[in-house]
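S.K.:
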Amino acid sequence: MSGFGDLNALSELLQTTSEDVQQDTTAAQHAAHFGGGAAPTTVVAKQPKREEPKKDEGEIWDVDEVPDEEGLKLQQPQGGDVKDGRAVCKHEIYFKQSVDSSDVYLGLSDKTPGSTDCTHIVVKAHFPEHALKDIELDVTKNVLTADSDRFRLKVYLPQPVDPDEGSAKFDSKTFILTVTLPVLEKEW
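Quick note on numbering: UniProt numbering labels position 1 of the sequence shown as 1, and the sequence is numbered without any gaps.
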């Protein structure tokens, strides 16, 4: 059982004694006097540490980093346009897909529910208390712009569209402008 004796000898080597502890503290005291005695001539007052507000571990943003709703409405639109004081209207972008019974029940085509297989892009913009005559709409291959005297909207479309084949409808009860644009599949 030489292994057990070796273990005991090793444990005796690794144990610290009170003499070892005293030698460590005296060495630390002597090392402090190595510097030559230079000390600051002025006394610097300690500044109290500023307490950071406690953060929730799951939060991503600080409260001061998130703008309020009014700040979001007046933010600079996409593309670096100059702010003109008008608010950005609320809007949603939907992807529309043309499917038939063979797609739904048999799965014969290669269509997936993803946005890459969509056939149309639908943009719904909310223009509260507006009439159709108050809204100016401009659609290009990649950008949809809708303006009124109080609201503006400039949306870069996720896929190229055919602006000449699109359609627009305005619901005067809900004040929602719905623009449906066919996707150019050959360019996507």
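Backbone N, C-alpha and C fix where the C-beta goes; we use that ideal spot for every residue, glycine too.
Applying the criterion that 16 or more other CB atoms from any shown protein chain within 10 Å of the CB defines a buried residue, is Leu7 buried or exposed?
M.R.: If you number the sequence shown from 1, residue 7 lands on position 7. Flag for Leu7 reads exposed.
S.K.: Pick from Val139, Phe175, Asp149: whose alpha carbon is nearest that of Asp164?
M.R.: By 1-based counting over the sequence shown, the position of residue 164 is 164. Comparing Cα-Cα distances from Asp164 to each of Val139, Phe175, Asp149, the minimum goes to Val139.
S.K.: My output table needs one value for Phe95: the three-state DSSP class, helix, strand or coil.
M.R.: Position 95 of the sequence shown, counting from 1, holds the residue named residue 95. Three-state DSSP puts Phe95 in a strand.
S.K.: Under 6 Å Cβ to Cβ from Lys124, same chain only, skipping five residues before and after it: list those, please.
M.R.: Your numbering for residue 124 matches position 124 in the sequence shown. Contacts found: Glu92, Ile176, Thr178.
S.K.: Can you check which of these residues, Gly107, Gly58, Leu181, Arg86, is closest to Pro158 by C-alpha distance?
M.R.: On the sequence shown, position 158 is the one that residue 158 refers to. Of the candidates Gly107, Gly58, Leu181, Arg86, the one whose C-alpha sits nearest the C-alpha of Pro158 is Leu181.
S.K.: If you check the beta carbons only, do Lys169 and His126 fall under 8 Å apart?
M.R.: Along the sequence shown, read from residue 1 onward, the residue named residue 169 stands at position 169. Along the sequence shown, read from residue 1 onward, the residue named residue 126 stands at position 126. No, Cβ-Cβ distance for Lys169 and His126 is not below 8 Å.
S.K.: Using C-beta distances below 7 Å, list every residue in its chain close to Lys141, excluding the 5 sequence neighbours before and after it, in chain order.
M.R.: Walking along the sequence shown from the start, residue 141 turns up at place 141. Correct list, in chain order: Pro160, Val161, Pro163.
S.K.: Go ahead and pull the three-state DSSP assignment for Ala9.
M.R.: What you label residue 9 is simply residue 9 of the sequence shown in a count that begins at 1. It is helical.
S.K.: Just to confirm my understanding: we take Leu108, look at its own chain, exclude 5 residues before and 5 after, and list those with CB closer than 7 Å. What are they?
M.R.: Mapped onto the sequence shown, residue 108 falls at position 108. Result list for Leu108: Ser102, in chain order.
S.K.: Grab me the residues of Arg86's own chain with a C-beta within less than 7 Å of its C-beta, minus the 5 sequence neighbours each way, in chain order.
M.R.: For the purposes of this step, residue 86 is identified with residue 86 of the sequence shown, where counting begins at 1. Contacts found: Arg150, Phe151, Arg152.
S.K.: Under the three-state reduction of DSSP, which class applies to Thr180: helix, strand or coil?
M.R.: For this step, residue 180 is matched to residue 180 along the sequence shown. Note: Thr180 maps to strand in three-state DSSP.
S.K.: Per the DSSP calculation, Ile121 is bridged to which residue(s)?
M.R.: By one-based count along the sequence shown, residue 121 stands at place 121. BP columns for Ile121 point to Phe95, Leu181.
S.K.: Pull up the CB-CB distance for Ser98 and Thr119, whole angstroms please, since I reckon it's below 8 Å.
M.R.: Here residue 98 refers to the residue found at position 98 of the sequence shown. Here residue 119 refers to the residue found at position 119 of the sequence shown. The Cβ separation is near 5 Å, so the contact holds.
S.K.: Is there at least one non-hydrogen atom of the ligand FAD closer than 7 Å to the beta-carbon of Leu13?
M.R.: No copy of the ligand FAD occurs in the structure displayed, which carries no ligand at all.
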